Structures are given as C-alpha cells and as structure tokens.
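Participant: I'd like to ask some things about the structure below.
In UniProt numbering, the protein residues as written are 1 to 198.
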C-alpha cells in the first residue's frame, strides 16, 4: 500500500521547510514518515532537515530539479515519483511522505498523480496583498498556511485584511495563520492532516 503523500509548496522563504521540520518532529512518534525535498541546484532543504534531526537521514531524500521548480511537481513529476518509490521500497511500512517543492510563485500546483493533499505556504512578510493576488496555490490548495504572523507589524501587513481576502479567494477551503518559529497554529495544521489521513 502506498504512503499518503502531502505536498508542501509556496514561495521561497515562506516557511515550507520549517513546516515540514515541525510536522516531522510532531508526527514521527505516531506515524512512519519520509520526506522528499526539491531544490534547483542543491539539496539545501534536505540537508537542513537532516541537521535539525527531523527524521533519520535515510528517510530524507533531496531531489535536484535542475530547472523550474514547478516543472518537477507538475509537468514532469518523474524525478519525484522515483524518489517516493525509492523510499517506499526501502521503508515498506511508510504512512506519510511529505513532498516539499522548490520555492516557486503563486501559480505552482502539484500534479494529482504526485500528492494526495496539498498545503500551500505564504508569509505575512510578503505583504497583506498576497491572498488577493490569487493563483492556484492560494485558491486551489487543500490548506493554505499564512506563516510568520509575528512579522505583520514590522512590514505594515494587516492580518484582518489578509483574513478577509483569503476568505474571499478560497471560499469554504480552510486556511490557518501560523508563526512556526514558536509553533503557533501548528496543532491546527497537524489536526487537518490527521483528519485527511484517517
């Protein structure tokens, strides 16, 4: 049986790796996990997760896409599918694989053949206009995470405006405000994922 696949996408610096790190550390005692990260020319995110001891080194694979990050998660997902297959062969009892995309724009989406659930991460520091700019990541993801709420006063972002615009753009689709630095909102993200796994 295949592991449940959770895709985590979003712009560079939004907190994707921080979210994957926190999810692994919170869920690893209950679920058997693995991670595939995507970077264009490095394995920076995979190395970060290894250094932070999110999971054992052999449960984390870094994919070097060599090109546009969205291509590796949508148009030609073969590298990521091969990485997931490799992890599933090595760990036959995997429950969940987190697949982190390379940093990309608001149009990035995962191929349906690649993931079962998509989480899209944006950050408050990019400004309160980000939710109303739309794009498939904001409007179509299963869960939108609006991270770095602590930075709102420093960048002149209004969280109430972000909430209003997010509701308008997403309709009934869920979203969660987080400050992953102090794990604020993390429990809500975890509960959302668990509700989909079960």
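Cβ coordinates follow ideal geometry from the N, Cα and C atoms, glycine included. It should be emphasised that the depicted structure is a prediction, and the values quoted were computed from it without experimental measurement.
Please go through the same chain and pick out, in chain order, the residues whose beta-carbon is closer than 7 angstroms to the beta-carbon of residue 140, but skip the five residues on each side of it.
Facilitator: The count along the chain shown starts at 1 and reaches residue 140 at position 140. 109.
Participant: Report yes if the CB atom of residue 18 is closer than 9 angstroms to the CB atom of residue 191, and no otherwise.
Facilitator: Against the chain shown, residue 18 aligns to sequence position 18. Against the chain shown, residue 191 aligns to sequence position 191. No, the pair does not count as a contact, with Cβ atoms beyond the cut-off.
Participant: By Cβ distance, which residues of its chain are closer than 8 angstroms to residue 169, with the 5 residues on each side in sequence left out?
Facilitator: In the chain shown, counting from the first residue as 1, residue 169 sits at position 169. Within the same chain, residue 169 has close Cβ partners 131, 132, 134, 138 and 139.
Participant: When burial is assigned at 16 or more other CB atoms within 10 Å of the CB, is residue 12 buried or exposed?
Facilitator: Start at 1 with the first residue of the chain shown, and residue 12 comes out as number 12. The residue in question, residue 12, is exposed, as its Cβ has fewer than 16 Cβ neighbours within 10 Å.
Participant: Just the Cα atoms here: how many angstroms apart are residue 66 and residue 42?
Facilitator: Along the chain shown, one-based indexing puts residue 66 at 66. Along the chain shown, one-based indexing puts residue 42 at 42. Rounded to whole angstroms, residue 66 to residue 42 spans 9 angstroms at the Cα level.
Participant: Mark residue 155 as exposed unless 16 or more other C-beta atoms lie within 10 angstroms of its C-beta, in which case mark it buried.
Facilitator: Counted from its first residue, the chain shown places residue 155 at position 155. So residue 155 ends up on the exposed side.
Participant: Note down, in chain order, each residue of its chain lying with its Cβ closer than 6 angstroms to the Cβ of residue 166, except the 5 sequence neighbours on either side.
Facilitator: Indexing the chain shown from 1 puts residue 166 at position 166. So the qualifying residues of the chain are 131 and 175.
Participant: With three or more C-beta pairs closer than 8 angstroms as the rule, is the segment 19-27 touching the segment 175-188?
Facilitator: In short, these stretches touch, since the Cβ pair count reaches three.
Participant: Apart from the five residues just before and just after residue 196, which ones in its own chain have a Cβ nearer than 6 angstroms to its Cβ?
Facilitator: Residue mapping note: residue 196 aligns to position 196 of the chain shown, counting from 1. The residues are 117.
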